[in-house]
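A short write-up of the structure that comes next.
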Amino acid sequence: MAWKTKARYLLAWSSFPPLSFIYRRMYEFAIWISVLLFRQCRGIVSVYLTRGCTKRQITPGVSDIDFIVVVKPDARQRQRVESVFRYLDIFSGGLIPYHDIFVVNEEELHYRWHTTPLWRYRYQEGKFNWSLKHGRNVLAALPPITASERTSSCFTEMHYWWTQFVDFLLQHEIYRHDVVLRRSLCFKAVAEVLNALHALRTGEFCFSREEALRREDSPLCRKLRENAKQRVPRRDKALEQECFRFLVQSFLDLWIEFRDHPFMHVYRDVEQTVQPAGAALQREKAETPFREISRYLADEWTGRCHGVHLVKSAFYQLEDSLLVIDTSMDSLPSLGDLEQLLAVRTRLYAGFQTPTWFFLRLGQVIFPITPNVPRDYNRGVLTPATAPDVFLQLGETPVYWTSHTDWYLTDWRRNRQWLNAPPLKQAQLEMISRSAATGHVMYPLDTQDISA
382 MAWKTKARYL LAWSSFPPLS FIYRRMYEFA IWISVLLFRQ CRGIVSVYLT
432 RGCTKRQITP GVSDIDFIVV VKPDARQRQR VESVFRYLDI FSGGLIPYHD
482 IFVVNEEELH YRWHTTPLWR YRYQEGKFNW SLKHGRNVLA ALPPITASER
532 TSSCFTEMHY WWTQFVDFLL QHEIYRHDVV LRRSLCFKAV AEVLNALHAL
582 RTGEFCFSRE EALRREDSPL CRKLRENAKQ RVPRRDKALE QECFRFLVQS
632 FLDLWIEFRD HPFMHVYRDV EQTVQPAGAA LQREKAETPF REISRYLADE
682 WTGRCHGVHL VKSAFYQLED SLLVIDTSMD SLPSLGDLEQ LLAVRTRLYA
732 GFQTPTWFFL RLGQVIFPIT PNVPRDYNRG VLTPATAPDV FLQLGETPVY
782 WTSHTDWYLT DWRRNRQWLN APPLKQAQLE MISRSAATGH VMYPLDTQDI
832 SA
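Written out as C-alpha cells, the structure is:
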C-alpha cells in the first residue's frame, strides 16, 4: 500500500476533535501561504480558491486545495505565475495541484464560457461559491447563463463525474485498496450528478453535495451519507456497484428525454455520412488482441455480452480504435467483471503504443470504461448527439449535429482537445469543417481517404 494511501487512512481514522480542528487549520495555513506567494507575482488579475475548500467540504487527505489564477496577457508574467504554481504542487506533495489550464487570461476565460460546457458549469459554480482571495472579481463580468447553455453544461458535468468514477475505480491499481478515496469518490460522483440533473431539469443550481443527497433521499443516498460518517472506512463493494448502476441509469433516463427535451442545441436538416476505415479495422480484427478479447467475452461474459464491435471516430485520434461491447441493465457487468476484463486488456495490449479504448453500449448510450483523461472530461459518454459517426457505423439512426459536435470538430483550431494534432488529423478536421459548412457532414475515417 502506497504511503499516500496509508496517510489518507490515518487522517480519516483520526478526524475527530481536536485533531480535525488541527487538520483544517493546516489547510487554511497552506491556502494563506499560497495566496501570499501568488500576490508577489506581477500580472495577477484574480486568485480564486475553488471547489471543496471554498465550500468548507474538506476531507483531510482527500480534498485538494484548488486554485484558478487569472493573469494579464503577458507571456513572461504568466510563466512566472505558472512557475510558482508548479513549486506549490511539488512542495505540497500534490495537495495544491497544478495544471496549465488553472492559469488563464480574461480573453481565454470568456472564450471558455462561450464555447466549452464543462468550463461554463465550473465558472457558474464559481459565481456562487468560489472565494476571491486576491484581485478583481472577473467572474462577475460573465453573462448570465442561457437555458441551452445550462443544460449542455450540466450534461457535460455528468460526463466529468462518470470519467472520474471509472478512471479511479477501474484504471488505477494504486487506488484498488485505497478505501478512503473510493468511498469519497462514490459520495462525490453520485452527489454531483444529482446536482447536475437537478439544475438541468429545474434551472436551479445547487453545488452542495450534502444537500444533493438530502434532497434525493433515496436508499442509496442515505447509505452514502451514513458511510461518509464512519471514521474507520471499509470497502463496500455492494455500495460501489449501486453507485455504478445509478450513474449508468442516470444517463439512460436522460437520453430518453432527448427528443422531446434536447439538452443541447440541435441543428436541423443536417445530413451526416461516414466514410469508414474498413481495411484498417479488418486488419485490427485479425490481430491477436481483438481475437483474444472476443474469445474472453464469449467465454466469461455469457449472458452479459450481446455483441462486440470495432469502430473509429473523428472525435478521437486517427490511430485510436473503439471496442464497443453490447450489454443491458438486466445483464450489466459488475465492477469486478470490468476489473478482470481490463486486466486482460492490459496484458494483451502490452507493448502497443495506442491500446484500443473499451466501451459498454446500452441502447443508444455508450459508456467509456477506459477513459482517456483529460480528453474524456469533455468527450465523455457517447450518444447520437455527441458522437454521431460512431452510431452511424453501428447502424443507429437518427443521429444529430449539435452545438457539441460543431464545437468539437469545426472550431478545432481553438479547441484545446486538438492542440498539437498531427498534420493528418488536422486535415481530417478541416475536411469535416468544410463539409459541415455545406449542410452535409462527411466523416472521413480512413487515412487513405484523408491523404488522397
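Everything in the sequence shown is counted per the working numbering, starting at 382 for the first residue and increasing by one. Even glycine gets a Cβ: it sits at the ideal position worked out from N, Cα and C.
query	result
Excluding the five sequence neighbours on either side, which residues of its own chain have a C-beta within less than 6 Å of the C-beta of residue 432, listed in chain order?	447
Taking DSSP's pairing of strands, which residues face residue 410 in a bridge?	In the DSSP output, where bridge partners are listed per residue, residue 410 has none listed.
Hey, residue 425 and residue 515 are a contact pair by Cβ (cut 8 Å); roughly how many whole angstroms apart?	7 Å
With which residues is residue 656 paired in a DSSP beta bridge?	825
Hey, residue 665 and residue 691 are a contact pair by Cβ (cut 8 Å); roughly how many whole angstroms apart?	6 Å
May I ask whether a heavy atom of the ligand NAP can be found less than 7 Å away from the beta carbon of residue 453?	For the ligand NAP, the structure offers nothing, since it holds no ligand at all.
Do the CB positions of residue 780 and residue 773 come within less than 8 Å of each other?	yes
Buried or exposed: residue 831, going by 16 or more other Cβ atoms within 10 Å of its Cβ?	buried
Which residue wins for smallest C-alpha separation from residue 662, given the options 470, 486, 827?	827
Quick check: the Cα distance between residue 595 and residue 575, rounded to an integer number of angstroms?	11 Å
If residue 633 sits next to residue 746, beta carbons under 8 Å apart, how far is it from one beta carbon to the other, in whole angstroms?	6 Å
How close, in whole Å, do the beta carbons of residue 644 and residue 532 come, if the pair is a contact with beta carbons under 8 Å?	4 Å
Evaluate residue 382 with the Cβ neighbour count: other Cβ atoms within 10 Å of its Cβ, from every protein chain shown; 16 or more gives buried, anything less gives exposed.	Low confidence applies here, because residue 382 scores a pLDDT of 47, under 50, leaving its location unreliable and the question unanswered by this model.
Report buried or exposed for residue 803, applying the criterion of at least 16 other Cβ atoms within 10 angstroms of its Cβ.	exposed
Between residue 452 and residue 494, what straight-line distance do the alpha-carbon atoms span, to the nearest angstrom?	16 Å
Helix, strand or coil for residue 600? Go by DSSP, reduced to three states.	helix
Mind the definition here: the segment 608-617 touches the segment 561-575 only if three or more C-beta pairs lie below 8 Å; say whether that holds.	yes
In this structure, does DSSP put residue 753 in helix, strand or coil?	coil
Report buried or exposed for residue 709, applying the criterion of at least 16 other Cβ atoms within 10 angstroms of its Cβ.	exposed
Threshold first: 4 residues or longer. Then list the alpha helix (DSSP H) segments lying entirely within the segment 766-814, N to C.	769-774, 784-791
Tell me which residue opens and which closes the beta strand (DSSP E) that residue 739 is part of.	738-743
If we count the other Cβ atoms within 10 Å of its Cβ and call it buried at 16 or more, is residue 821 buried or exposed?	exposed
Pick out whichever of 720, 428, 569, 811 has its Cα sitting closest to the Cα of residue 554.	720
Use the C-beta contact count for residue 378: other C-beta atoms within 10 angstroms, 16 or more gives buried, fewer gives exposed.	Coverage of the chain is limited to positions 382 through 833, which leaves residue 378 absent and any answer about it impossible.
So which of 725, 700, 744 has the shortest CA-CA distance to residue 734?	700
Would you identify the three-state DSSP class for residue 518, choosing helix, strand or coil?	coil
Taking the runs of the beta strand (DSSP E) that are 3 residues or longer, which of them lie wholly in the segment 505-576?	512-516
Return yes when the Cβ of residue 593 is within less than 8 Å of the Cβ of residue 572, no when it is not.	yes
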